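Numbering (the working numbering), first residue to last: 278 to 668.
Structure (structure tokens):
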């Protein structure tokens, strides 16, 4: 892997994770308290990083251009591929619709143009970039990520100056008891898990880097570590500044407006809205890249590759239709993303790895085998707990 691609991979991982879900993190962390939230953040990071390494391991017996579709067909046959396809489409379509809806609402505030029309332009423009060339998508993502990071630094500096220099972790603790406390904890943990959900792009990154498993593992670590640092800083900053006004954490728009008013600087609110916009767009690129490659692999034949127009239609037309039908899908998609990712990125790859071990297609050390079994058990606990807590 060249240094250029190594940096690009780190930024794709970070750009995909430091996205739309980051905007909801302070809102959900306020429900359980900052100390517990930081512990959950560390657990979710290590959990999803380990599963990224497991996916690399499971992809090893397959060609570099293989996707999750190839992996599932080999492990569980066509029936398994159908179940996986339904789960992936449900997740990715909802996320693409949510991201386009969120970005269009933000742009609507600046331009005054109809949000749904802006959403259609987002699908056409960024969808075309994704389908055109993965390398170009890498550079587009780098630009958006660097602009996003620069905007964040610019708006964060005045906000930091308003924080009193004292230990404030204890003041954010929240007592959680009974089944309601368990439900809240699981919901927040799943949101944190969703915040590290770059796994749909892993097959595309393997193809882009021509394998290079060891370098990819390092890139995954540094990309997600950058996310952890930024997440913790963002959550602590928002909770400290809104401590005197808990109602400001009702939703993202209210929080951004409150932070802007608290500083008395008009461009803070504009900057935070720009940061939110770029966060959503980088997430759109990461999810769109993974889903388009999934369709490209699923729709190919022995004679020829899948037509780009067909891949584009399958990838972007359904979520665009969902966005046009319901432009309030943003929060619902993020709530579901965590549990869907546990199924897609945790349960399925680890189950396939066990199938490969039994078939002797892959060799596992004792540690890898134990870790894989633990991940399966964790997924089988988290998924029912999520649905139990929803009722």
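Just so it is clear, CB atoms sit at the ideal spot from N, CA and C, and this is done for glycine as well. In this text the structure is predicted, and so the values were computed from the model without any measurement.
Boundaries of the alpha helix (DSSP H) harbouring residue 513: 490–518, taken from the DSSP string.
Setting aside the 5 residues that flank it on each side, residue 538 is surrounded in the same chain by 546, each with a C-beta closer than 8 Å to its C-beta; the list follows chain order.
Shown here, residue 474 sits in coil according to DSSP, grouped into three states, outside any helix or strand. Here the alpha carbon of residue 334 sits roughly 46 Å from the alpha carbon of residue 524. Shown here for residue 509: same chain residues with a beta carbon closer than 7 Å to its own, the five before and five after excluded, namely 315, 318 in chain order. By the neighbour-count criterion, in which a residue is buried when 16 or more other Cβ atoms sit within 10 angstroms of its Cβ, residue 643 is exposed. Put simply, the backbone Cα of residue 592 is about 7 Å away from that of residue 565. Straight-line measurement puts the Cα of residue 431 at about 42 Å from the Cα of residue 665. DSSP assignment within the stretch 329–381 yields no whole alpha helix (DSSP H) run of 4 residues or more. If you ignore the 5 residues before and after residue 421, its C-beta comes within less than 6 Å of the C-beta of 555, 558, 559, all in its own chain and listed in chain order. Counting of Cβ neighbours within 10 angstroms places residue 506 among the exposed residues, the total staying below 16. In this model, residue 586 and residue 517 are separated by some 48 Å (Cα to Cα).
Going by DSSP, residue 392 is part of the alpha helix (DSSP H) stretching over 392–409. Contact between residue 292 and residue 418 is confirmed by a C-beta separation of about 5 Å, below the 8 Å threshold. The continuous alpha helix (DSSP H) containing residue 483 extends over residues 479–485. Every alpha helix (DSSP H) of 4 residues or more that sits fully in the stretch 587–663 is shown, in chain order, as 607–618, 625–635. Judged by DSSP secondary structure, residue 553 falls within the alpha helix (DSSP H) whose first and last residues are 543–575. The Cβ atoms of residue 377 and residue 396 lie closer than 8 Å to each other. Considering only 328, 590, 601, the residue with the shortest C-alpha distance to residue 649 is 328. For residue 285, the enclosing alpha helix (DSSP H) stretches over residues 280–294. Excluding five sequence positions before and after residue 308, the CB atoms of its chain that fall closer than 6 Å to its own CB belong to 461, given in chain order. For the pair residue 519 and residue 497, the CB atoms are not nearer than the 8 Å cut-off. Scanning 548, 340, 331, 297 for the CA closest to the CA of residue 487 turns up 340. Residue environment analysis places residue 361 among the buried positions, since at least 16 neighbouring C-beta atoms fall within 10 angstroms of its C-beta. In this model, residue 574 and residue 392 are separated by some 33 Å (Cα to Cα). With distances taken between CA atoms, residue 615 lies nearest to 659 out of 389, 659, 485, 355. Within the same chain, 435 come within 8 Å of residue 542 by CB-CB distance, once the 5 residues on both sides are set aside. The three-state reading of DSSP puts residue 419 in helix, counting H, G and I together.
Taking the C-beta atoms as reference points, residue 611 is found nearer than 8 Å to residue 471. For a cut-off of 8 Å, the C-beta gap from residue 572 to residue 373 is around 12 Å, too long to register as a contact. By the neighbour-count criterion, in which 16 or more other beta carbons inside 10 Å mark a residue as buried, residue 297 falls on the buried side. Distance from residue 364 to residue 621 at the Cβ level is roughly 6 Å; contact confirmed, criterion being Cβ atoms closer than 8 Å. At a Cβ-Cβ threshold of 8 Å, residue 595 and residue 416 do not count as neighbours. In this structure residue 663 is buried. Its beta-carbon is surrounded by 16 or more other beta-carbon atoms within 10 angstroms.
Under the 10 Å beta carbon count, residue 429 is surrounded by 16 or more other beta carbons and is classified as buried.
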